[in-house]
Amino acid sequence: MNKTKQNIFITNNSGETQNLGENFARSILASLVQGVSLSRSGVVALYGNLGSGKTTFVQGLARGFGIKKRIISPTFIIVRQYKVSPLRSPFGHLGGGEGIRPSTPPRCNTFYHVDLYRIENQREIEGLGLREILEDQNSVVAIEWAEKMKSLLPKKSWDIKFEDLGRNRRKITINQKL
Numbered sequence: 070m071n072k073t074k075q076n077i078f079i080t081n082n083s084g085e086t087q088n089l090g091e092n093f094a095r096s097i098l099a100s101l102v103q104g105v106s107l108s109r110s111g112v113v114a115l116y117g118n119l120g121s122g123k124t125t126f127v128q129g130l131a132r133g134f135g136i137k138k139r140i141i142s143p144t145f146i147i148v149r150q151y152k153v154s155p156l157r158s159p160f161g162h163l164g165g166g167e168g169i170r171p172s173t174p175p176r177c178n179t180f181y182h183v184d185l186y187r188i189e190n191q192r193e194i195e196g197l198g199l200r201e202i203l204e205d206q207n208s209v210v211a212i213e214w215a216e217k218m219k220s221l222l223p224k225k226s227w228d229i230k231f232e233d234l235g236r237n238r239r240k241i242t243i244n245q246k247l
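When you read off a place in the sequence shown, starting at 1, and then add 69, the result is the number in the numbering used here.
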C-alpha cells in the first residue's frame, strides 16, 4: 500500500504561487543534503486546468534551483532542460555543503520542464525520450499535464493539483507519494 503525505496551500497571487514553487525546490535540495536520494529522477507531476498556475509554480521551482533564465511553458517544444546552479546543489555553499568537490557525485544537476498539453496519445510520449529522462537520478522533472503519462510516472513522486479559486487565488494540493 502506498503512503501519501498531503499539504494544501492557498495562494492569493502569482507571486505567492512562485514563492511556493521556490520553497518547494529548496525543500527538495534540503532533503538531498540530509541524504535522501531521488528515486529515479525527482518527478513533480502537475495537474490542473489551463491557466490554473502550473507554469507559474514551475517558474518558482526554477528560481529555487538557482536557474536565472526566463521560464516559459514549453508547449511547442514539449521539453526544456536547465542546469541547476552549482551553488544550489546539495553540496554547494547555499545547500549547506562545502562547495563542489571532485569526489562528490552531483545529486541534482538538471531540471527538466515538460509540457504535455499538445500530446494526443501514448505513442507521441514514447517518441520524446521521457522514459530516459525519468530514469536520470540526478535530475528533477516537472511535468505539466502529467495525467497524459500517468502509467510512466514512478511510484514515488509528487503530485501537485492546481485549482483556480478566482481573483488570482489558487488552491494547491501537494501529495508526496512515499
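Positions of the beta carbon are idealized from the N, C-alpha and C atoms, including for glycine.
Computed from a prediction, not measured in an experiment: that's the story for all the values here.
Note the first and the last residue of the continuous beta strand (DSSP E) segment covering residue i.
i: Ile79; result: 73-80
i: Arg149; result: 148-152
i: Leu115; result: 111-116
i: Glu266; result: Summary: the structure shown does not reach residue 266, with the chain confined to residues 70 through 247, and so no result is reported for it.
i: Tyr186; result: That residue, Tyr186, is in no beta strand (DSSP E); it is neither H nor E in DSSP.
Let me know the secondary structure DSSP gives residue i once reduced to three states.
i: Arg239; result: strand
i: Ser220; result: helix
i: Gly84; result: helix
i: Leu234; result: strand
Apply the 10 Å Cβ neighbour rule to residue i and answer buried if 16 or more other Cβ atoms are within range, or exposed otherwise.
i: Phe93; result: buried
i: Gly129; result: buried
i: Arg239; result: buried
i: Phe126; result: buried
i: Ser220; result: exposed
i: Lys123; result: buried
i: Gln87; result: buried
i: Gly235; result: exposed
i: Gly90; result: buried
i: Phe134; result: buried
i: Thr80; result: buried
i: Gly117; result: buried
Can you tell me where the alpha helix (DSSP H) holding residue i begins and where it ends?
i: Phe126; result: 123-133
i: Leu199; result: 199-203
i: Ile141; result: Counting along the chain, Ile141 falls outside any alpha helix (DSSP H), and DSSP gives it neither H nor E.
Rank the options by C-alpha distance to the C-alpha of residue i and give the top, closest one.
i: Ile77; options: Leu247, Gln245, Ile241; result: Ile241
i: Ile141; options: Tyr181, Gly111, Ile243; result: Tyr181
i: Gly120; options: Gln245, Arg139, Asp233, Ile194; result: Asp233
i: Leu185; options: Ile147, Glu204, Ala211, Arg95; result: Ile147
i: Glu216; options: Asn82, Arg200, Lys225, Ile188; result: Ile188
i: Asn207; options: Glu85, Ile97, Lys74; result: Ile97
i: Ser154; options: Glu204, Val209, Gln191; result: Val209
Could you pull the DSSP bridge partners for residue i from this structure?
i: Asn92; result: DSSP, once it has assigned bridges, lists no residue as partnering Asn92.
i: Gln245; result: Lys74, Trp227
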